[in-house]
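Since the structure comes first, as structure tokens, the remarks are kept for the end.
Numbering (full-length UniProt numbering), first residue to last: 1 to 218.
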């Protein structure tokens, strides 16, 4: 198996999957068992994950795709302007790799629509947390999710976390039987990335440590 540094560096968001290459259930169960070891406030383990495959996944995708065409989102996961620079840089990299020009609105919209198809991944997931929990518990959900992503990567599986799916919580609840007390946080794609899709070969840059971390010693 690869060492930890390699796993962290290999993990990336895949934006097109091989729809006809199924995910072995034993690999998925192994990764989930490791993710359950994630830390959480008072060990309440606040994460809830709903995974859809086969016909259930197809019905969810069909419903989301139809809803998006009728009620287009104004922005995917709206951000304040102070945080928009990195999103714009990411968009330039991803759309550039796909050959979609900035002024090509139809091309960009068609690319965005793949979000609600879970990028054709055979496993479509929805991450939830109880609506009465707060920020401290959301940290636990994030720890679970990152552990899961790394465990999947270690097993040769690819993934993508999707904020866009949470923009239509009613559709998701209806098709995955998610109870009302759970808040829909994000979507999750799991599968094998399509190596022929140009954007899958990107490695997105990160800030230097000093831009996000402050060291204090006096």
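Each residue gets a CB set at the ideal place from its N, CA and C atoms; glycine is no exception. Bear in mind the structure is a predicted one, so any value in this text is a computation, not a measurement.
Nearest neighbour of residue i, chosen from the options [CA to CA]
| i | options | result |
| --- | --- | --- |
| residue 52 | 117, 134, 123 | 123 |
| residue 50 | 201, 145, 120, 153 | 145 |
| residue 202 | 85, 45, 89 | 89 |
| residue 159 | 125, 137, 140 | 125 |
| residue 10 | 172, 154, 176, 205 | 154 |
| residue 79 | 72, 87, 73 | 87 |
| residue 7 | 133, 149, 190, 176 | 149 |
Cβ neighbour criterion (16 or more within 10 Å) applied to residue i
| i | result |
| --- | --- |
| residue 17 | buried |
| residue 156 | exposed |
| residue 147 | buried |
| residue 70 | exposed |
| residue 151 | buried |
Rounded separation between residue i and residue j - CA only
| i | j | result |
| --- | --- | --- |
| residue 214 | residue 207 | 13 Å |
| residue 216 | residue 209 | 14 Å |
| residue 112 | residue 195 | 19 Å |
| residue 47 | residue 99 | 37 Å |
| residue 162 | residue 68 | 15 Å |
| residue 192 | residue 212 | 32 Å |
| residue 170 | residue 62 | 14 Å |
| residue 188 | residue 218 | 42 Å |
| residue 57 | residue 4 | 32 Å |
| residue 199 | residue 35 | 27 Å |
| residue 38 | residue 143 | 6 Å |
| residue 103 | residue 118 | 25 Å |
| residue 178 | residue 172 | 8 Å |
Inter-residue CB distance, residue i and residue j (contact presumed, cutoff 8 Å)
| i | j | result |
| --- | --- | --- |
| residue 65 | residue 116 | 5 Å |
| residue 114 | residue 19 | Rounded, the Cβ-Cβ distance is 12 Å, inconsistent with contact. |
| residue 44 | residue 137 | 7 Å |
| residue 140 | residue 41 | 6 Å |
| residue 175 | residue 60 | 4 Å |
Is there contact here, the region 129–147 with the region 183–190, by at least three beta-carbon pairs under 8 Å?
-> Output reads yes: the region 183–190 touches the region 129–147.
Pairing CB atoms from the region 163–176 with CB atoms from the region 87–100, are three or more of them under 8 Å?
-> Contact between the region 163–176 and the region 87–100 is absent: fewer than three C-beta pairs spanning the two stretches fall below 8 Å.
Does the count of Cβ pairs from the region 5–15 and the region 24–36 closer than 8 Å reach three?
-> With contact defined as three or more Cβ pairs closer than 8 Å, the region 5–15 and the region 24–36 are not in contact.
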